[in-house]
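S.K.: Residue numbers (my numbering): 295 to 738.
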Ligand SMILES: [Zn+2]
């Protein structure tokens, strides 16, 4: 079996790294020997991304945290809408988002080429995920993320010890930057806009949906369009192997404020402004064409969602028992809109893809605090090493020395500060590399 990537135009083949386009300009697509796939073998295996290994790249070593195999359950709002609505809960993935599907495949496949580490440009979830999987693989992760980013995702990256590079206003700028960074430093770049290998993992959402529901419609939060495209590819392969006769209609949902893909589908003028759904803030998606084509070929449509509808979406999902980020909650107002317009028929089976957990998404413009006193201690040590009593004095807080000392001990156990030297009775502390990174990221 095994994966094949051959340019349909010039015949050049690709293996270590698969760009979206061949050097001759033609679009590349990863394919397999579909006649050899026996889906009955899948049922006997453990749930998860690697259950579908015949339709994944061959790898020497699988780097996994048991991603995929996420629950699909009937939504309570099915009764309200008189429609069969199911939620695919991707928040249950190891780092809390659907991107773990992409990363397990990209990291496992790229491992032999990642001597100096892995890199990704991302507006959050893929970077948080790579940080975890690279740690598991014993490799460094270099993540290029925009200045505006959800704090929770940043905290994940810091916790996993990723090297964080803040670059650009949105992920768009980071994509070209990481390509150069990876090229110059010998990192394996898993950014799906630069290397499509990871999309093979993401497409397994389609396989799971088919096994459990065989939906007629799939409603997909859309930013870069990569999730949409990979779900499309998954269903296309199910068609290819004869598992389904028809592709479900794919529905792309974007915020009104940033809508390059949905607007194109609807024939409207696109806006490219910042949105509260930060995960969907992609101004010029590289895979726009592919995503638009996927929706059209499936017979689907697109929906634009207002900023004021995001809280409604979050609340409805909360009533279902799921805490999702705004970028996922967009599927709810989209579902209601289409339902009101009479888009669905009574027996349709509608799947909502809830891509990422709300725990990761917290974002505020003001400065972040990891507990005010600890941050103040980090800032003091950012100016230079100090001994314990000196820190207490410099803080000028109505707090006894013991309490300050407790904070120092906790910062030390978090690996954010370390003892630098002893002079007489004085024990000096300084920031660790991790502490410096945290300070850089939280005090812009
Ligand atoms: Zn070519």
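Glycine included, each C-beta is placed from N, C-alpha and C at the ideal position.
Taking the continuous alpha helix (DSSP H) assigned at residue 752, which residues delimit it?
M.R.: Only positions 295 to 738 of the chain appear in the structure, and residue 752 is not among them; the question remains open.
S.K.: What do you get for residue 526, buried or exposed, if any count of 16 or more other CB atoms within 10 angstroms of its CB means buried?
M.R.: Counting Cβ neighbours within 10 Å, residue 526 comes out buried, since at least 16 surround it.
S.K.: For residue 325, verify whether its CB is less than 8 Å away from any heavy atom of ligand 1.
M.R.: No.
S.K.: Considering only their Cβ atoms, is the gap separating residue 620 from residue 464 smaller than 9 Å?
M.R.: No, the Cβ-Cβ distance between residue 464 and residue 620 is not below 9 Å.
S.K.: Is any non-hydrogen atom of ligand 1 found closer than 8 Å to the C-beta of residue 546, if you look at the structure I gave you?
M.R.: Every heavy atom of ligand 1 is 8 Å or more from the Cβ of residue 546, so no.
S.K.: Whole angstroms is fine: what's the gap from residue 573's alpha carbon to residue 419's?
M.R.: The alpha-carbon atoms of residue 573 and residue 419 are separated by roughly 8 Å.
S.K.: Measure from the alpha carbon of residue 376 to the alpha carbon of each residue in 481, 636, 449, 685, then state which is nearest.
M.R.: Nearest C-alpha to residue 376: 636.
S.K.: Can you tell me whether residue 310 is helix, strand or coil according to DSSP?
M.R.: Coil at residue 310, not helix or strand.
S.K.: What distance in whole Å lies between the Cβ atoms of residue 569 and residue 614, which are believed to be in contact at a cut-off of 8 Å?
M.R.: No, residue 614 and residue 569 are not in contact; Cβ-Cβ is about 23 Å, not under 8 Å.
S.K.: Specify the secondary structure class of residue 483 as computed by DSSP and reduced to three states.
M.R.: Three-state DSSP puts residue 483 in a strand.
S.K.: Ordered along the chain, which non-local residues of its own chain (more than five positions away) have a Cβ less than 8 Å from that of residue 711?
M.R.: These residues qualify, in order along the chain: 671, 672, 675, 702, 705, 723, 724, 725, 726, 729.
S.K.: Taking all protein chains shown into account, do 16 or more other C-beta atoms lie within 10 angstroms of the C-beta of residue 338, making it buried, or fewer, making it exposed?
M.R.: Classification for residue 338: exposed.
S.K.: Helix, strand or coil, according to DSSP, for residue 378 in the structure here?
M.R.: Strand at residue 378.
S.K.: Using the Cβ count rule (16 or more neighbours within 10 Å means buried), how would you classify residue 406?
M.R.: Looking at its Cβ environment, which holds fewer than 16 other Cβ atoms inside 10 Å, residue 406 is exposed.
S.K.: Please report the distance separating the alpha-carbon of residue 470 from that of residue 491.
M.R.: Roughly 17 Å separates the two Cα atoms.
S.K.: According to DSSP, residue 595 sits in a beta bridge with which residue or residues?
M.R.: Answer by DSSP bridge pairing, in chain order: 545.
S.K.: For residue 326, name the three-state secondary structure that DSSP assigns.
M.R.: Note: residue 326 maps to coil in three-state DSSP.
S.K.: Answer with buried or exposed for residue 750, where buried requires no fewer than 16 other C-beta atoms within 10 angstroms of its C-beta.
M.R.: Because the chain is modelled from 295 through 738, residue 750 falls outside the range shown and cannot be assessed.
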